[in-house]
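Novice: In the order they appear, the protein sequences are chains C and R. Quick note: the UniProt record's numbering has the first sequence finishing at residue 117, numbered continuously throughout. Quick note: the UniProt record's numbering has the second sequence finishing at residue 117, numbered continuously throughout. Beta carbons: idealized from backbone N, C-alpha and C, even for Gly.
2 protein chains.
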Amino acid sequence: MVTKPPSEETDEPTEVERRNADVCNVVGSIEMIGSKWKLIVLNDLREGEKRFNELKRSTGASSYTLSRVLGDLEEAGFIENRKEFEAPVASYYTLSERGDALCPVFESLDAWGDDWL
Amino acid sequence: MVTKPPSEETDEPTEVERRNADVCNVVGSIEMIGSKWKLIVLNDLREGEKRFNELKRSTGASSYTLSRVLGDLEEAGFIENRKEFEAPVASYYTLSERGDALCPVFESLDAWGDDWL
DNA sequence: CGGCATCCTTGGAGATACTG
DNA sequence: CAGTATCTCCAAGGATGCCG
Numbered sequence: 001m002v003t004k005p006p007s008e009e010t011d012e013p014t015e016v017e018r019r020n021a022d023v024c025n026v027v028g029s030i031e032m033i034g035s036k037w038k039l040i041v042l043n044d045l046r047e048g049e050k051r052f053n054e055l056k057r058s059t060g061a062s063s064y065t066l067s068r069v070l071g072d073l074e075e076a077g078f079i080e081n082r083k084e085f086e087a088p089v090a091s092y093y094t095l096s097e098r099g100d101a102l103c104p105v106f107e108s109l110d111a112w113g114d115d116w117l
Numbered sequence: 001m002v003t004k005p006p007s008e009e010t011d012e013p014t015e016v017e018r019r020n021a022d023v024c025n026v027v028g029s030i031e032m033i034g035s036k037w038k039l040i041v042l043n044d045l046r047e048g049e050k051r052f053n054e055l056k057r058s059t060g061a062s063s064y065t066l067s068r069v070l071g072d073l074e075e076a077g078f079i080e081n082r083k084e085f086e087a088p089v090a091s092y093y094t095l096s097e098r099g100d101a102l103c104p105v106f107e108s109l110d111a112w113g114d115d116w117l
């Protein structure tokens with residue numbers, strides 16, 4: 001949104017410059033995943049494939065909420081769902097490639113927590 | 001200083017927080033800043049110092065919402081507030097050291113947006 | 001076990017008006 | 001300009017129950 005003057009083309013633009021550039025981009029991401037439960041579920045799935053009730057326990061979300069959040073995330077392409085219809089039905093959730101690409105975000109957050117929490 | 005009636009964030013850890021505290025502190029961070037407006041305001045302040053109405057315009061938040069979000073963020077130590085009482089009163093907001101340390105998170109988010117948005 | 005339907009409560013958040 | 005005070009509306013989300 002903010003246009004900034006051209007500059008040296010080193011690998012590393014100035015901080016201010018870079019910040020001005022990405023502010024808008026980030027808002028789009030926030031609109032998609034910037035809700036408490038979506039973040040928590042995505043973060044939780046970094047540990048690997050999990051089933052519904054497993055996620056329910058580890059995240060603390062109610063089944064109603066979890067169901068909707070998983071639906072939203074799947075629809076938006078952040079996670080994938082594999083179902084087993086046999087004997088005890090099971091539903092496994094994993095991060096999609098798109099969702100997995102968010103890991104650095106959570107890692108940054110984790111690093112921040114180490115220093116400031 | 002004190003967050004008023006509507007949304008009050010207690011310091012009491014939730015069940016979820018307690019359960020996952022030692023596993024990963026991401027959840028704690030999410031509890032603190034994982035709401036749409038907090039993320040948007042923090043992200044916006046990466047551009048540098050801004051005043052109230054400036055933030056109001058750039059984020060699109062109402063003054064009511066913005067006022068509360070800024071109060072919460074300041075109370076939690078993510079931002080700092082400098083006031084000028086002269087002629088036209090002015091109130092400037094900037095990221096604190098603690099808040100600035102979150103920049104890598106937004107940079108990761110931006111990088112993700114470049115690839116997947 | 002997974003997960004949708006229903007009810008119900010809470011708070012997130014806009015619009016508007018007012019004050020120092 | 002920088003907020004605060006209300007009033008109001010609606011979505012988020014917990015609890016419960018049911019069903020394949």
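Considering only DSSP beta bridges, list what Arg-82 of chain C is partnered with.
Specialist: Per DSSP, C:Tyr-92.
Novice: Using DSSP with H/G/I as helix, E/B as strand and the rest coil, what is Arg-51 of chain C?
Specialist: If DSSP states are grouped into helix, strand and coil, Arg-51 of chain C belongs with the strands.
Novice: Should Val-69 of chain R go down as buried or exposed, given a rule of 16 or more other Cβ atoms within 10 Å for buried?
Specialist: It is buried - the Cβ of Val-69 of chain R has at least 16 other Cβ atoms within 10 Å.
Novice: Given a limit of 8 Å on CB to CB distance, which residues of the region 93-109 of chain R reach chain C?
Specialist: So the close ones are Arg-98, Ala-101, Leu-102, Cys-103, Pro-104, Val-105, Phe-106, Glu-107, Ser-108 and Leu-109.
Novice: Can you find a CB in chain R that lies within less than 8 Å of the CB of Asp-72 of chain C?
Specialist: So, not an interface residue.
Novice: Measure the C-alpha to C-alpha separation of Thr-94 of chain C and Glu-47 of chain C and round it to an integer number of angstroms.
Specialist: If you take the alpha carbons of Thr-94 of chain C and Glu-47 of chain C, they lie about 9 Å apart.
Novice: Spell out a yes or no on whether the region 102-112 of chain R and the region 104-113 of chain C are touching, meaning 3 or more CB-CB pairs, one atom from each, closer than 8 Å.
Specialist: Touching, yes, given that three or more Cβ pairs across the two stretches are closer than 8 Å.
Novice: Here's the rule I'm using: 16 or more other beta-carbon atoms within 10 Å means buried, otherwise exposed. How should Val-26 of chain R be labelled?
Specialist: The residue in question, Val-26 of chain R, is buried, as its Cβ has 16 or more Cβ neighbours within 10 Å.
Novice: State the start and end residues of the unbroken alpha helix (DSSP H) segment that holds Ser-67 of chain C.
Specialist: Where Ser-67 of chain C is concerned, the enclosing alpha helix (DSSP H) stretches over 63-75.
Novice: Since Ser-35 of chain C meets chain R, which of its residues come closer than 9 Å, beta carbon to beta carbon?
Specialist: Within chain R, the residues near Ser-35 of chain C are Gly-34, Ser-35 and Lys-36.
Novice: With DSSP run on the structure shown, which of helix, strand or coil describes Arg-46 of chain C?
Specialist: Coil at Arg-46 of chain C, not helix or strand.
Novice: To the nearest angstrom, how far is it from the Cα of Leu-66 of chain R to the Cα of Ser-96 of chain R?
Specialist: Approximately 18 Å, taken between the alpha carbons.
Novice: Indicate whether Gly-34 of chain R and Lys-56 of chain C have their beta-carbon atoms separated by less than 8 Å.
Specialist: No; because the gap between Cβ atoms is not below 8 Å, this pair is not in contact.
Novice: How close, in whole Å, do the beta carbons of Leu-73 of chain C and Ile-30 of chain R come, if the pair is a contact with beta carbons under 8 Å?
Specialist: Rounded, the Cβ-Cβ distance is 15 Å, inconsistent with contact.
Novice: Shorter than 8 Å from the beta carbon of Gly-48 of chain C to some beta carbon of chain R?
Specialist: It does not; no Cβ of chain R falls within 8 Å.
Novice: Could you check how far apart the C-beta atoms of Gly-99 of chain C and Ile-79 of chain C are, in whole angstroms? I think they sit under 8 Å.
Specialist: Going by Cβ atoms, the distance from Gly-99 of chain C to Ile-79 of chain C rounds to 5 Å, so yes, they are a contact pair.
Novice: For the alpha helix (DSSP H) containing Ser-35 of chain R, name the first residue and the last one.
Specialist: Neither: Ser-35 of chain R is in no alpha helix (DSSP H) and is coded neither H nor E.
Novice: Out of curiosity, what's the CA-to-CA distance linking Tyr-64 of chain R and Ala-87 of chain C?
Specialist: Cα to Cα, the separation comes out at about 54 Å.
Novice: Using a Cβ cut-off of 9 Å, pull out every chain C residue sitting near Leu-55 of chain R, in sequence order please.
Specialist: The premise fails here: Leu-55 of chain R is roughly 12 Å from chain C at the closest Cβ pair, so nothing lies under 9 Å.
Novice: Measure the CB-CB distance between Gly-77 of chain R and Gly-113 of chain C and report whether it falls below 8 Å.
Specialist: No.
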